[in-house]
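Working notes for the structure below.
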Amino acid sequence: MATHEFAAQESHAHAAPQGFVRKWVFSLDHKVIGLQYYFLALAAVLVGMFLSLLMRIHLIWPTLALPLLGDIKPETYLTLVTMHGTIMVFFVLTTAPQGGFGNYFLPIQIGAPDMAFPVLNMLSFWTTLLGFIVMIAAFFVAGGAPLHGWTGYAPLSAMQSTGPGEGLGADLWIISIAIFCIGALMGALNFITTTLDMRAKGMTMMRLPLTVWAWFVTAILGLLAFGVLLSAGILLLMDRNLGTSFFVPLVTINGQLTGHKGGSPLLWQHLFWFFGHPEVYIAILPAMGMCSQLLSVFSRKPIFGYKAMVYAILGIGFLGFMVWGHHMFMSGMSPYTAFAFSIMTMGIGVPSAIKTFNWLGTLMRGRIRFTSPMLFAIGFVSLFVSGGISGPFLAQPVLDIQLHDTYFVPAHFHLIMGVASIFGIFAATYYWFPKMFGRMMSESMARWHFWFSFIGTYAIFMPMHYLGMAGMPRRYSQLTEVTYLHGLIPLQKFITYAAFVTIAGQLIFLVNLFWSMFKGKQASDNPWEATTLEWTTATPPPHDNFGGHTPVVHNGPYEYNVPGAPRDYVMQSDPEIGPAH
Amino acid sequence: MASFSTTATVEDPRISLGDGGILPPIRGGGGDDSGPGLPDYATRLRRARLGLLVALTPVLMLFVSFTSAYIVRQGLPTLDPRTNTLVHDWIPVTLPKLLLINTGVLILSSVFIELARRQIKDQAALRPITAHPRVSVGEQMRIPWLSMTLVLGLTFLLGQWTAWRQLAANGFYVATTPSSSFVYLLTGAHAIHLMGGVLALFVAGIASLLRRSAATRSIVVDLTAWYWHFMAALWIYILCLLEFAS
Numbered sequence: 367m368a369t370h371e372f373a374a375q376e377s378h379a380h381a382a383p384q385g386f387v388r389k390w391v392f393s394l395d396h397k398v399i400g401l402q403y404y405f406l407a408l409a410a411v412l413v414g415m416f417l418s419l420l421m422r423i424h425l426i427w428p429t430l431a432l433p434l435l436g437d438i439k440p441e442t443y444l445t446l447v448t449m450h451g452t453i454m455v456f457f458v459l460t461t462a463p464q465g466g467f468g469n470y471f472l473p474i475q476i477g478a479p480d481m482a483f484p485v486l487n488m489l490s491f492w493t494t495l496l497g498f499i500v501m502i503a504a505f506f507v508a509g510g511a512p513l514h515g516w517t518g519y520a521p522l523s524a525m526q527s528t529g530p531g532e533g534l535g536a537d538l539w540i541i542s543i544a545i546f547c548i549g550a551l552m553g554a555l556n557f558i559t560t561t562l563d564m565r566a567k568g569m570t571m572m573r574l575p576l577t578v579w580a581w582f583v584t585a586i587l588g589l590l591a592f593g594v595l596l597s598a599g600i601l602l603l604m605d606r607n608l609g610t611s612f613f614v615p616l617v618t619i620n621g622q623l624t625g626h627k628g629g630s631p632l633l634w635q636h637l638f639w640f641f642g643h644p645e646v647y648i649a650i651l652p653a654m655g656m657c658s659q660l661l662s663v664f665s666r667k668p669i670f671g672y673k674a675m676v677y678a679i680l681g682i683g684f685l686g687f688m689v690w691g692h693h694m695f696m697s698g699m700s701p702y703t704a705f706a707f708s709i710m711t712m713g714i715g716v717p718s719a720i721k722t723f724n725w726l727g728t729l730m731r732g733r734i735r736f737t738s739p740m741l742f743a744i745g746f747v748s749l750f751v752s753g754g755i756s757g758p759f760l761a762q763p764v765l766d767i768q769l770h771d772t773y774f775v776p777a778h779f780h781l782i783m784g785v786a787s788i789f790g791i792f793a794a795t796y797y798w799f800p801k802m803f804g805r806m807m808s809e810s811m812a813r814w815h816f817w818f819s820f821i822g823t824y825a826i827f828m829p830m831h832y833l834g835m836a837g838m839p840r841r842y843s844q845l846t847e848v849t850y851l852h853g854l855i856p857l858q859k860f861i862t863y864a865a866f867v868t869i870a871g872q873l874i875f876l877v878n879l880f881w882s883m884f885k886g887k888q889a890s891d892n893p894w895e896a897t898t899l900e901w902t903t904a905t906p907p908p909h910d911n912f913g914g915h916t917p918v919v920h921n922g923p924y925e926y927n928v929p930g931a932p933r934d935y936v937m938q939s940d941p942e943i944g945p946a947h
Numbered sequence: 007m008a009s010f011s012t013t014a015t016v017e018d019p020r021i022s023l024g025d026g027g028i029l030p031p032i033r034g035g036g037g038d039d040s041g042p043g044l045p046d047y048a049t050r051l052r053r054a055r056l057g058l059l060v061a062l063t064p065v066l067m068l069f070v071s072f073t074s075a076y077i078v079r080q081g082l083p084t085l086d087p088r089t090n091t092l093v094h095d096w097i098p099v100t101l102p103k104l105l106l107i108n109t110g111v112l113i114l115s116s117v118f119i120e121l122a123r124r125q126i127k128d129q130a131a132l133r134p135i136t137a138h139p140r141v142s143v144g145e146q147m148r149i150p151w152l153s154m155t156l157v158l159g160l161t162f163l164l165g166q167w168t169a170w171r172q173l174a175a176n177g178f179y180v181a182t183t184p185s186s187s188f189v190y191l192l193t194g195a196h197a198i199h200l201m202g203g204v205l206a207l208f209v210a211g212i213a214s215l216l217r218r219s220a221a222t223r224s225i226v227v228d229l230t231a232w233y234w235h236f237m238a239a240l241w242i243y244i245l246c247l248l249e250f251a252s
């Protein structure tokens, strides 16, 4: 067993709490807060998944009355679309990878006892939870939840009388997102300060695990993007409730002038997508970091091109702010502007390709261990490539105009942003579960879960590309009576059946998760023989992470198969092995 | 009995932006406030300042976003249903002169809080010396700069409220014209943020009443002061935008 070097006892900003409430509810411990975020995201994904199931059922059996819910009217369908998208993007894809795993493991991976500002960290979680409660409350107010889509396009979203759900429900939707933004900003503040100022001795920026780099850059993206979304939300609330006209032009509803004039719906789109596109990377970057980590661990090889991976993360983060206009090619923007956005969008393929090739390079000639986290990491790469390859199609204005309002777009973004990110969350869950709960998850159940999810995902979303290319428009609640789309109904039915099976497969995950917490096999401190600092400490980690010590770092994060080393991995806190090989 | 000058030089802790190859600072160590569970003063101050710098970024982005909306909305024509032609509905708002007085009040408060920051920083620096029972640094006049800043801050907010009342009296409400919408939006958003600064001043006062250590009070006041300066600069920017880009 290697000897890890520790610095003098590290001070911790708060003592270990006593009592259930201080320990598990209003906890200042980043690990507990990470778990709170994780389970919040789990609750949110169940809601979001249920809504998608209702959509799929309605699409192929539009007249079917569902138990408790009855008929799904067209406006109800739009509500399902809106709330599914919003809940999934904000409370799942942003919350679990960053708030959940980032909170739990960033401080440990850099050798810190906690986040820089523990109280702010706690507030960040409770603010996010409040946002979720307000979002769910929108279902239960008069008129129900809004129907303007997760993008909240004005003027539909900017007036109270545009449809059911656009009254109090839409106000709650905006307020919920504003609350979420504040919570996310508090979280980002902690992530950035902690990474810059609380690294252990020897943990230089170029020794950070790629997970930390991903969480760090994601936090910067959030810092720059959520403020803009917040501003747009404030303007939208003013248009809706104070009679201003930031986003509403001169319009009539049912032949009546609304009193608004001169506002610009496109201004909303610009502000929203200035946030919205970086949000894609906020969802996917942490998954990229986790995937990089896992591919190296389970290939028993250093990550291929560590520095290139770091620069690619930075490049993706930077370019992510330059491409928002590609969501607006349909808006009639100048062809020159569209051309600039198109070039930038295709340019983002370069760092993405660097990452992909480096993942493949890491796998090449590795002594691969096909564990369940590894399967999901490989699945992530597969989905990222499959979803990414349709990106250059949509990046070209002339093609986007044809494809934009069809099923091609949901197929694209679900693969690359939605399910790929979810695969990152699954991979991270199977990988870090032993550290978090001290027990192993069932490997056989995990494998069943993987194959259900992997095959199911492709079965759902690959056919959607064909639906889109064949001209089936998205967002419509009922297309079964449209003559020219009759030939596509069997494909729609196939997608719904595939969704049933895939969702059923997720029950395996839920059973495995909760069963393993209590009945799983006891985990050792380093069951995967990994190198980063979380595996040097006890399982689960003590309150101050390292039991009164601070690790001293001598090595990079991916020192596997090191020539001359007594075993095939060298931990970050092991004695120095010389220049990176 | 020994006597010391009240002027002491303390090295200003720099914000760490450690890059590759540079080792991050080693934490721990002593200080006049390094009780159980707390890093030393310099580390706490550096970390808090870094946190503030990061926290100000989204505030900046919020106002950059408002500015962008302001410029875009200003140039947009609207359809006049009576003539069926495109017209501009941007009617510049004549800003109340009171805003200039408010600006002066805010700048003066910024000066006062800077003096408060320096005063308490000196106290924190001398704390290890003055804590010694056989050492005295002599009496000096304690001017309540923080309280004076608080009074001026509240005066500014009251002045902004009065300016809103004057705008309304002149017929400019939130939805009267797009320009008046922005006047209320920008001044209101700034006022809400300044209230955060006022709250921080209360916290600093409470820290003093609760006999928190000099180091803790120094950090609270230091952060509040930088935040306050930022708010003053932001207000000058907003005023220029509303006055010269209308």
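Going line by line, the protein sequences match chains V and C. Residues in the first sequence are numbered from 367 upward in steps of one, following the working numbering. Residues in the second sequence are numbered from 7 upward in steps of one, following the working numbering. Heads up, the beta-carbon is just placed ideally off N, CA and C, and yes, glycines get one too. Given the structure is predicted, the values throughout are model-derived calculations rather than measurements.
State buried or exposed for residue i, treating a residue as buried only when at least 16 other CB atoms are found within 10 Å of its CB.
i        : result
Glu703/V : Checking the displayed sequence, the identity of residue 703/V turns out to be Thr instead of Glu. That one is exposed.
Ala382/V : exposed
Thr49/C  : buried
Cys547/V : buried
Ala508/V : exposed
Ile28/C  : A caution first: Ile28/C carries a pLDDT of 35, below 50, which makes its placement in the model too unreliable to give a value.
Gln622/V : exposed
His94/C  : exposed
Val877/V : exposed
Ile648/V : buried
Ser677/V : The sequence shown places Tyr at residue 677/V, not Ser. By the 10 Å Cβ count, Tyr677/V comes out exposed.
Met937/V : buried
Tyr797/V : buried
Gly414/V : buried
Asn620/V : exposed
Tyr76/C  : buried
Ile650/V : buried
Phe118/C : buried
Can you confirm whether residue i, when its beta carbon is compared against all beta carbons of chain V, has any partner nearer than 8 Å?
i        : result
Leu152/C : no
Arg223/C : no
Leu200/C : no
Gly57/C  : yes
Asp95/C  : yes
Arg5/C   : The shown model of chain C, from 7 to 252, leaves out residue 5/C, and the question about it has no answer.
Leu229/C : no
Leu192/C : no
Under 8 Å, Cβ to Cβ, is there at least one residue of chain C near residue i?
i        : result
Ala382/V : no
Ile558/V : yes
Asn724/V : no
Ser597/V : yes
Leu616/V : yes
Met525/V : no
Residues of chain C with CB closer than 8 Å to the CB of residue i, please, in chain order.
i        : result
Phe612/V : Ala75, Arg79, Pro184, Ser187
Starting from the beta carbon of residue i, find every residue of chain C whose beta carbon is closer than 9 Å, and list them in chain order.
i        : result
Gly681/V : What Gly681/V touches in chain C: nothing, since even the nearest Cβ is about 17 Å away.
If the cut is a Cβ gap below 7 Å, which residues of chain V does residue i touch?
i        : result
Leu216/C : Per Cβ cutoff of 7 Å: no residues; Leu216/C is ~16 Å from chain V at best.
Mind listing the chain C neighbours of residue i? Cutoff is C-beta to C-beta under 7 Å, in chain order.
i        : result
Lys627/V : Thr84, Asp95
Phe592/V : Pro64
Leu986/V : Within the shown structure, residues of chain V are numbered from 367 to 947, placing residue 986/V beyond reach of any answer.
Taking C-beta pairs closer than 8 Å, name the residues in chain V that residue i reaches, listed in chain order.
i       : result
Arg53/C : Ala482, Thr559, Asp563, Met564
Report the neighbours of residue i on chain V: residues whose CB is nearer than 9 Å to its CB, in chain order.
i        : result
Leu121/C : The contacting residues do not exist; Leu121/C stays about 28 Å from chain V at best.
Worksheet item: Name the residues in the region 631–651 of chain V whose C-beta lies less than 7 Å from a C-beta of chain C; which are they?
Response: Hits within the stretch, in order: Leu633, Leu637.
Practice prompt. Compile a chain-ordered list of the residues in the region 61–86 of chain C whose CB is closer than 9 Å to at least one CB of chain V.
Written response: Along the region 61–86 of chain C, the positions whose C-beta sits under 9 Å from a C-beta of chain V are Ala61, Thr63, Pro64, Val65, Leu66, Met67, Leu68, Phe69, Val70, Ser71, Phe72, Ser74, Ala75, Val78, Arg79, Leu82, Pro83, Thr84, Leu85, Asp86, read in chain order.
Worksheet item: Given a limit of 7 Å on CB to CB distance, which residues of the region 149–182 of chain C reach chain V?
Response: Those would be Val180, Ala181, in chain order.
Worksheet entry | Every unbroken alpha helix (DSSP H) within the region 543–622 of chain V, with a cutoff of 4 residues, ordered by chain | Whole alpha helix (DSSP H) segments, 4+ residues: 576–607.
Worksheet item: Quick one, which residues of the region 475–487 of chain V are near chain C if we go by CB-CB under 7 Å, in chain order?
Response: Here the close residues are Ala482, Phe483.
Worksheet item: Can you give, in chain order, each stretch of the alpha helix (DSSP H) that sits fully within the region 805–843 of chain V and has at least 4 residues?
Response: The region 805–843 of chain V contains these whole alpha helix (DSSP H) runs: 809–835.
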